[in-house]
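This report concerns only the one structure given below.
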Amino acid sequence: MRRGLDRHVSDRVISDVEVLHPRAIRRHLPGAADFSTRLKGLPMVAAQRRGKYLWVELGEDLAMLAHLGMSGQMLVQPSGTPDEKHLRVRIRFADDGPELRFVDQRTFGGLALAEVVEKDGARLPEPIAHIARDPMDPDFDLDAAVRALRARKSEVKRALLDQTLVSGIGNIYADEALWRTRLHGTRPASGLTKALATELLKHATDVMHEALDQGGTSFDALYVNVNGQSGYFDRSLNAYGQENEPCGRCGTSIVREAFMNRSSFSCPVCQPKPRASRVSRGTARRPA
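Under numbering that gives the first Met the number 0, the first residue of the sequence shown carries the number 0, and numbering increases by one thereafter.
Shown next, in the form of structure tokens:
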């Protein structure tokens, strides 16, 4: 989506903005009128991304920040194209070319204007300055990420999903990286060797690159690029969503387990669960 936005909206000047649903700009506290007025006349300089956040630079110190939530879409449509049922914000340009539309069925996502700040050598919208670089960032420091991962006392999958540690690795790609590394998600992150933690993050990077090359992972019509096209990486998944399917390595059926109100998928043979820690002798208490 970032690539598509960069191709279609960069170096174009905004001429008009329509906010068609107030929830779409609820994160912009001054409200819809301020959002629309401030955008008019500004150039869209370049589309950027960090983790699951997307933004368009609007000059040196301002950005339009977007989070897609569960169903948000940024679509580029020719002027006059019939409105989508869940169209929330429309942005027109001075060149009268294709317009940019924010469509969101469930209205969990939204847009906001944000000041740009500098953090660790990068320029970011202030609300997301705390989010770590992701493995696809050219300045991603693998060694530093490995140290941070091994310093966590939580389960390794939970650590992978912590966007302040490493961003961009969602539930799907975490399961795929863990499968490739032969690790169960409940392994303690602090117990990983440096070599194993490095392998895990490298596999996460590979999975994300492969998914990007295939347009992402689209399980339904909500997950599309700016042209409304679905990705097809779901055809290449080895673990996520493969419950009862044979493991591509050993043939054992993939299992699903509950995880943080979501699901985890793994091979019970290739990714054995860690053995529960035993209570040290002398520390266990008898019932009163």
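Backbone N, C-alpha and C define an ideal beta-carbon position, used for all residues, glycine too.
Small disclaimer: the values here were computed from a predicted structure and weren't measured.
Taking 9 Å as the cut-off, the Cβ atoms of ARG151 and ASP142 do not count as close. In chain order, ASP174, LEU177, TRP178, HIS183, GLY184, ALA238, ILE253, VAL254, GLU256 place their CB closer than 8 Å to the CB of SER265, counting only its own chain and leaving out the 5 sequence neighbours on each side. Within the region 124 to 200, the runs of alpha helix (DSSP H) that reach at least 4 residues and sit entirely inside it are, in chain order, 141 to 149, 155 to 159, 170 to 180. Between the beta-carbon of LEU41 and that of LEU57 there is about 5 Å, and that keeps the pair under the 8 Å contact cut. Of LYS51, LYS39, ASP95, PHE101, the smallest CA-CA separation from LEU19 is found for PHE101. Across the structure, ARG122 and ARG1 are spaced so that their CA atoms are roughly 16 Å apart. In the same chain as HIS85, and ignoring 5 residues on each side of it, the C-beta atoms closer than 7 Å to its own belong to VAL102, ASP103, GLN104, in chain order. Rounded to the nearest whole angstrom, the C-alpha separation of HIS202 and GLU209 is 10 Å. Going by beta carbons, GLY108 and GLY167 fall outside the 9 Å limit. Classified as buried, LEU99 has 16 or more neighbouring CB atoms from the shown chains inside 10 Å of its CB. Rounded to whole angstroms, ASP212 and ASP95 show a C-alpha spacing of 31 Å. Judged by beta-carbon spacing, THR180 lies beyond the 9 Å limit of ALA131, meaning their Cβ atoms are not closer than that value. In the same chain as LEU159, and ignoring 5 residues on each side of it, the C-beta atoms closer than 6 Å to its own belong to ILE168, ALA173, in chain order. It is roughly 31 Å from the alpha-carbon of THR251 to the alpha-carbon of VAL165. In the three-state DSSP reduction, ILE13 falls in the strand class (E or B). Ranked by Cα distance from ARG146, the options PRO134, ILE90, THR197 are led by THR197. Less than 9 Å divides the Cβ of LEU38 from the Cβ of VAL16. In this structure, the alpha-carbon of PHE258 lies about 11 Å from that of GLU154. Collapsing the DSSP output to three states places SER252 in a strand. Straight through space, the alpha carbons of ILE171 and PRO29 are spaced by roughly 36 Å.
In the structure shown, ALA32 adopts helical secondary structure according to DSSP, grouped into three states.
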